[in-house]
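Engineer: Residue numbers for the sequence shown follow my numbering, so the first one is 425 and each next one is one higher.
So that we are looking at the same thing, I have put the structure below in structure tokens.
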Amino acid sequence: MKAYFISGLGADRRVFYKIQLPPGYQPIYLDWIDPLPNENFSDYAKRFSAMIKPGEDFILIGLSFGGMLASELAKILSPKKIIIISSVSCYKELPWYFKLAGKLGLQKILTPSIYKKATILNRIMGPGNKEMKQIVYDYVKRTDPNFIRWSLNEILRWNQPARLSGLIHVHGSNDHLLPCRYTNADYVIKKGGHLMVMNMAGEVNKILQNILEG
């Protein structure tokens, strides 16, 4: 069965390089596409869904913002499973400061240059090794500012009312970007940060094995 991976904002497929799935699953890494002018998240998901081959069984695994996109895709397609990691399943799980920022329209002043600052990136990544941080730094520096601006806008304006049926949520207890206490995660990895798929991949792999073989 095909397993489609979607990375988060500020990361690419390399964040999944330590993730291993049980036998029988074929990992496929989907890269973000450029949004069209004034395109909303649901319309973006419809275009993005064209990368998923119809008529075959598949699962979705989304990290951070990629988890939000996985939820949008699941409303269009019919995945056998939806697994989100270091993400949120609905609007209610966004931290209060994300909700406030969205209501105040602060995304208009959250410029890409602010997002790319090392201090902000360190806050997002949390503890991690040099290799992990270099991958993220390299990707963010290369990312189109328009894509960053669009992504921030869609994150802060996401209005998913409720968790989708069958969605499975994996989170880290030490996630500083999307704190675990605001979520209703099914699996919580102790001391896991926002990018635990890289620096705690062993723990994530055990949970994925349990989900996919259970």
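C-beta: ideal position from N, C-alpha, C; glycine also.
Computed from a predicted structure; not experimentally measured.
#1: What is the DSSP secondary structure of Ile443, reduced to helix, strand or coil?
#2: For Ile476, name the three-state secondary structure that DSSP assigns.
#3: Checking 9 Å against the spacing of the C-beta atoms, do Gly526 and Ile508 come in under that value?
#4: Looking at Lys504: is its Cβ nearer than 9 Å to the Cβ of Ile476?
#5: Check whether the Cβ of Ser488 lies closer than 9 Å to any Cβ atom in chain B.
#6: If we count the other Cβ atoms within 10 Å of its Cβ and call it buried at 16 or more, is Gly617 buried or exposed?
#7: Using 10 angstroms around the beta-carbon of Trp520, count the other beta-carbons present and answer buried if the total reaches 16, otherwise exposed.
#8: Expressed to the nearest angstrom, what Euclidean distance is found between the alpha-carbon atoms of Leu501 and Gly486?
#9: With DSSP as the reference, label Val612 as helix, strand or coil.
#10: Please classify Gln633 as buried or exposed, where buried requires at least 16 neighbouring CB atoms within 10 angstroms.
#11: Tell me the start and end of each unbroken beta strand (DSSP E) in the region 584-630 that is at least 3 residues and wholly inside, in chain order.
#12: Expressed to the nearest angstrom, what Euclidean distance is found between the alpha-carbon atoms of Leu518 and Ser589?
#13: Taking the alpha-carbon of Pro459 as reference, which of Lys614, Arg471, Tyr453 and Ser511 has the nearest alpha-carbon?
#14: In its own chain, which residues sit with a C-beta less than 7 Å from the C-beta of Ala469, not counting the 5 before and 5 after it?
#15: Is DSSP giving Ile506 helix, strand or coil here?
Structural biologist: In this structure, then:
#1: coil
#2: If DSSP states are grouped into helix, strand and coil, Ile476 belongs with coil.
#3: Taking 9 Å as the Cβ cut-off, Gly526 and Ile508 do not qualify as a contacting pair.
#4: No, these two residues do not count as a Cβ contact at 9 Å.
#5: Looking for chain B here will not work: only one protein chain is present.
#6: Buried is the label assigned to Gly617, since at least 16 other Cβ atoms lie within 10 Å of its Cβ.
#7: exposed
#8: 15 Å
#9: Strand at Val612.
#10: exposed
#11: 591-596 and 611-613
#12: 18 Å
#13: Arg471
#14: Sequence-distant Cβ neighbours of Ala469 in its own chain, meaning closer than 7 Å and more than five residues away, are Leu493, Glu496, Leu497 and Ile500.
#15: strand
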